[in-house]
Amino acid sequence: MKLTAAQEEVLVEWIQQKGQRFIPLSLLVVAKHASIISRTTVGENWVMRFRTRHPELQARWAGRIEKCQAQSLNPVATADYSKELIETYNVQLRNIYNMDEKGVMMGKGL
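Be aware that the sequence shown starts at 20, since it is given in the numbering used here, and climbs by one per residue.
See below:
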């Protein structure tokens, strides 16, 4: 199975976005996302060949997941991510709400 250059670019950007937010990805997760993008199943060695084609992506052993989560939730990273989302999707201030860990149930009002 082969992804087009555009599909591989989408996958690279997705991996980089996850990395910027300290979200660890396993080879299996990358393969599953590649399969979603291509709408076919990638082979078992596909991810290794993909990594060879994209040396800008680096694999590292992740520490405990708690450490990764703690790093991703620092005020600077959270503010940068929020600003990026607001700018990317042109979110109006009137459409920004504060939520706790429970969020909002779908189909229910605020």
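Glycine included, each C-beta is placed from N, C-alpha and C at the ideal position.
Note that the coordinates shown come from a computational prediction; the quantities given were computed from them, not determined experimentally.
*Does the distance from the CB of leucine 30 to the CB of alanine 50 come in under 7 Å?*
Going by C-beta atoms, leucine 30 is not nearer than 7 Å to alanine 50.
*State the start and end residues of the unbroken alpha helix (DSSP H) segment that holds serine 54.*
Segment 46-57, the alpha helix (DSSP H) holding serine 54.
*asked:* In whole angstroms, give me the CA-to-CA distance for aspartate 99 and glutamate 106.
replied: Aspartate 99 and glutamate 106 have their C-alpha atoms some 11 Å from each other.
*asked:* For lysine 37, report the span of its alpha helix (DSSP H) as first-last.
replied: From DSSP, the alpha helix (DSSP H) with lysine 37 extends over 24-39.
*Please state whether DSSP places leucine 104 in a helix, a strand or coil.*
Reduced to three states, the DSSP call for leucine 104 is helix.
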